[in-house]
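There are 2 protein chains.
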Amino acid sequence: MYKIKEIAEALDIEPWRIRGAIERGTIKFRDDFSPPYFVFTRALGKIEAGTAIFLGEKIEVIRGFPKIKRAFFLSNAVKNHFEDKVAVEEKMNGYNVRVFSIKKKLVAITRGGYVCPYTTNKIRKNKKISRFLKENNKVLCGEVVGLENPYAIHCYEEAPKFGYFVFDIREKGSNMPMSIKEKNSLLEEYVIEKVRLFGIYSKEEVVEKTFEILKKLEEENREGVVLKDPEMKLEPLKYTPSKTNTSDLRHAFRFPFDFGRDFFFSRIIREGFQAVELEEDEEELKERAKRIGESILFPMVETIRRVRNKEVVTDDYQIRVESMEEIKTLMRYLQRQGVTCILGDVMQENKNLVATLKRIRPNSNDKIKSILEKGVTSE
Amino acid sequence: MYKIKEIAEALDIEPWRIRGAIERGTIKFRDDFSPPYFVFTRALGKIEAGTAIFLGEKIEVIRGFPKIKRAFFLSNAVKNHFEDKVAVEEKMNGYNVRVFSIKKKLVAITRGGYVCPYTTNKIRKNKKISRFLKENNKVLCGEVVGLENPYAIHCYEEAPKFGYFVFDIREKGSNMPMSIKEKNSLLEEYVIEKVRLFGIYSKEEVVEKTFEILKKLEEENREGVVLKDPEMKLEPLKYTPSKTNTSDLRHAFRFPFDFGRDFFFSRIIREGFQAVELEEDEEELKERAKRIGESILFPMVETIRRVRNKEVVTDDYQIRVESMEEIKTLMRYLQRQGVTCILGDVMQENKNLVATLKRIRPNSNDKIKSILEKGVTSE
């Protein structure tokens, strides 16, 4: 059953390792999609977490999107990681989506490797991407951004509601990426939207250029950059400006007991290294400290006040669909992912339904309520 | 050997549990003191962590000092915890020390239950405490404060260098505390210094009074309060003003990779609840956020800069002793506790030696160095 032998062959892994991982539950089986598929929730040998294996007549392996390392001290990160030229691409603030075709149908999976019904439906409407996938048996890796999705809210003027911007084209099975040049010319040929390439610089000049670029991105409230080997033979590196770090904190401290402590810590540490690398003076440090302090305190105080007023604090997402059925399918899917949502307002807008999904962050609600009532906490 | 049967009897615990804990290493044996003693590094049943058992002819049990719960939201903590009157005592910023006599000698143990040679030597010079212990077979529980010790630096005008302020008197063996009144009259009789009692208030008025007291303490840079049942039949509660929380952060962020993430998180959360309880307005919140942000960023940046300049960042403590031998004994003791110190300047001052102990925080030094060099980090 489950074609474990064929999967093992396709991945070049011993079958017993796969069987073991299925038994442990680190490879999950999903049959709410046709064909059914396996998801690697953790890395197994060289196979990345987020890998999905579709069990049609022919087995199709969509490898997980590799984790991109973050630069904490940019100059030395660049010095150690790159050989010659460095391409600077924009890192957009949304959620990572791989798009490809299975049995001639376009499928979109999120970072974890699950087929998201909402994202799949939305991207299926994009004729250019559909045509590309008909003619190329590749995996598009990109970021969904905009205000209308259930995962990440950030408005971009080029895609205020829903946009998909490709940053990698990879081979099915092997996960081999195209070079920057090949990728961009292919995407241009099909007129598919892609993340911005700011330029390709020498190793010597790229750090200065990157800080210039980041300054502009920060002013425009954009997330950051990814530095890549133009040939895509070396690991990329990501780097973000201060405003992005503190806006992550601002979101997370709305739900202080739902985000891990490492999440807070990591973002705080980045600020320290960046301040040192930018040789900030007293005034600039004070400005940065103010940003950090306010991004921690303000959202936390607002949440505590709301819980004290008996409100339930939720993270609200807007989606735009064509039918109530789509909303229900998405909510069932999210529920299965362990996300508890309640449906807020649903409004008709032309042919569409615009709905609010209110995601409940249970730990913050419960823990804050308990601390307010008891006055103490066991931790 | 080790008189396990007698210990088990004295503690009213099955001998095999004690034997098991010794094997697991959660009860440690120390023979660098006479008589040798056992230390409970973790709680075992109802026996608190920090309990020390001295193996003289007669076994003597010094129970661990009970952990005091912290109020996060003072009004409701008071409502839930107390019955009638509430005593408000000062919580001083130093290290917790139990003092008692074993075989007619005064012994001082720290929170963990170990005999600290430095603290023991210092307190032995106090004739009033010595007389008290000769005449009372009790345990004094108090705080060592001041600038001259290897653990906690905070200057008090009433004890700038080395002071010992008692907050509890407890029975050997049972850990039963005296009532506030009994305790204070006994301490007054022997003219032993004690923490300040601000007053005994009704449950209804104590919260308002406490915030008034805290405001003054904060202005004077003092740590906070402990609220106690005057009869000592209920658990006490501690509470600190914002400046104390942020000054903890300021110290910990000098060594960001040596303090646990829970340490940071807990202090940040306290600030949120306090701001809500004090009904702070926009301006006050901004002031508090500034304090938080600066207490995080400034020390971290300074440490990163110093590591970049090839300095070793250390936590420096001053001690005052009578001989080089005392310094060596203390350093051997600290080493055995897992603390790495290097000896800095040693100066003669009248009959004393004043020495600097430079405590190395290895994780922050190593991790920051590695991030600066590599530019990235695996976490």
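Residue numbers (this note's numbering), protein chains in the order written: chain A, 26 to 404; chain B, 26 to 404.
Quick reminder that beta carbons are idealized off the backbone N, C-alpha and C, glycines included.
Quick caveat, the model's predicted, so the values are computed rather than measured.
Just how far apart, CA to CA, sit residue i and residue j?
i, j, result
"Asp56 (chain B)", "Gln360 (chain B)", "15 Å"
"Lys104 (chain A)", "Arg67 (chain B)", "47 Å"
"Val124 (chain A)", "Gln373 (chain A)", "29 Å"
"Asn246 (chain B)", "Glu347 (chain B)", "31 Å"
"Pro60 (chain B)", "Val337 (chain B)", "39 Å"
"Val401 (chain B)", "Phe282 (chain A)", "27 Å"
"Ala277 (chain B)", "Glu213 (chain B)", "37 Å"
"Leu322 (chain B)", "Asp341 (chain B)", "20 Å"
"Ile84 (chain B)", "Ile32 (chain B)", "7 Å"
"Lys394 (chain B)", "Arg333 (chain B)", "7 Å"
"Ile317 (chain B)", "Phe288 (chain B)", "14 Å"
"Lys206 (chain A)", "Val364 (chain A)", "39 Å"
"Leu80 (chain A)", "Arg275 (chain A)", "42 Å"
"Ser272 (chain B)", "Val371 (chain A)", "48 Å"
"Met349 (chain A)", "Asn388 (chain B)", "54 Å"
"Met356 (chain B)", "Val379 (chain B)", "14 Å"
"Ile385 (chain A)", "Gly369 (chain A)", "12 Å"
"Glu230 (chain B)", "Ile148 (chain B)", "38 Å"
"Ile352 (chain A)", "Thr145 (chain A)", "13 Å"
"Glu398 (chain A)", "Asn101 (chain B)", "6 Å"
"Gly285 (chain A)", "Thr235 (chain B)", "33 Å"
"Glu196 (chain A)", "Lys208 (chain A)", "12 Å"
"Thr339 (chain B)", "Arg331 (chain A)", "43 Å"
"Phe54 (chain B)", "Lys150 (chain B)", "28 Å"
"Gln343 (chain A)", "Lys186 (chain A)", "9 Å"
For the candidate residues the options, whose alpha-carbon lies nearest to that of residue i?
i, options, result
"Glu108 (chain B)", "B:Gly188, B:Glu260, B:Glu48", "B:Glu260"
"Gly171 (chain B)", "B:Glu183, B:Val164, B:Ser272, B:Leu165", "B:Glu183"
"Asn162 (chain B)", "B:Val86, B:Cys141, B:Ile317", "B:Val86"
"Gly224 (chain B)", "B:Arg95, B:Asn174, B:Leu252, B:Lys311", "B:Leu252"
"Phe190 (chain B)", "B:Glu196, B:Lys219, B:Lys197, B:Asn174", "B:Lys219"
"Ala112 (chain A)", "A:Asp306, A:Ile344, A:Lys228", "A:Lys228"
"Glu319 (chain B)", "A:Ser320, A:Pro324, A:Arg313", "A:Arg313"
"Ser210 (chain A)", "A:Tyr226, A:Lys197, A:Phe192", "A:Phe192"
"Leu36 (chain B)", "B:Phe290, B:Glu304, B:Lys71, B:Lys147", "B:Lys71"
"Ser126 (chain B)", "B:Lys159, B:Lys147, B:Asn200", "B:Lys159"
"Val64 (chain A)", "A:Arg42, A:Phe98, A:Phe290, A:Gly89", "A:Gly89"
"Glu168 (chain B)", "B:Glu237, B:Ile396, B:Glu248, B:Gln343", "B:Glu248"
"Glu73 (chain B)", "B:Ile93, B:Asn270, B:Glu82", "B:Ile93"
"Val164 (chain B)", "B:Asn174, B:Val132, B:Asn151, B:Lys186", "B:Val132"
"Leu382 (chain B)", "B:Tyr143, B:Gly138, B:Asp254", "B:Tyr143"
Which partner residues of residue i appear in the DSSP bridge assignment?
i, result
"Val164 (chain B)", "B:Arg195"
"Phe65 (chain A)", "A:Ile52"
"Thr76 (chain B)", "In the DSSP output, where bridge partners are listed per residue, Thr76 (chain B) has none listed."
"Asn377 (chain B)", "B:Glu374"
"Asp340 (chain A)", "A:Arg384"
"Lys219 (chain B)", "B:Val191"
"His179 (chain B)", "B:Gly171"
"Ala96 (chain A)", "B:Val401"
"Thr135 (chain A)", "A:Val122"
Excluding the 5 residues flanking residue i on each side, which residues of the same chain have their C-beta closer than 6 Å to its C-beta?
i, result
"Lys268 (chain A)", "Glu243"
"Ala46 (chain A)", "Ile52, Leu69"
"Tyr176 (chain B)", "Tyr120"
"Arg136 (chain B)", "Gly75, Asn121"
"Met257 (chain A)", "Pro202, Ser204"
"Glu134 (chain B)", "Per the sequence presented here, residue 134 (chain B) reads as Ile, with Glu not at that position. Counting only Cβ-Cβ distances below 6 Å, and skipping sequence neighbours, we find Ala77, Arg123, Val140."
"Gly188 (chain A)", "Val170, Gly171"
"Asn118 (chain A)", "His179, Glu248"
"Phe58 (chain A)", "Val140"
"Pro324 (chain A)", "Arg275, Phe278, Arg279"
Within 10 Å of its beta-carbon, does residue i have 16 or more other beta-carbons around it, so buried, or fewer, so exposed?
i, result
"Lys263 (chain B)", "buried"
"Arg295 (chain B)", "buried"
"Arg279 (chain A)", "buried"
"Arg156 (chain B)", "exposed"
"Asn375 (chain B)", "exposed"
"Cys180 (chain B)", "exposed"
Between which residues of its own chain and residue i is the CB-CB distance below 7 Å, once the five residues before and five after are set aside?
i, result
"Lys1 (chain B)", "This structure gives no information on residue 1 (chain B), because the portion of chain B shown stretches from 26 to 404."
"Glu39 (chain B)", "Ala33"
Once the 5 residues before and after residue i are set aside, which same chain residues still bring their CB inside 8 Å of it?
i, result
"Arg221 (chain A)", "Glu114, Glu115"
"Asn377 (chain A)", "Arg345, Val346, Glu347"
"Arg44 (chain B)", "Ile29"
From the beta carbon of residue i, is the nearest beta carbon of chain C less than 8 Å away?
i, result
"Glu229 (chain A)", "Chain labels in this structure do not include chain C; the protein chains are A and B."
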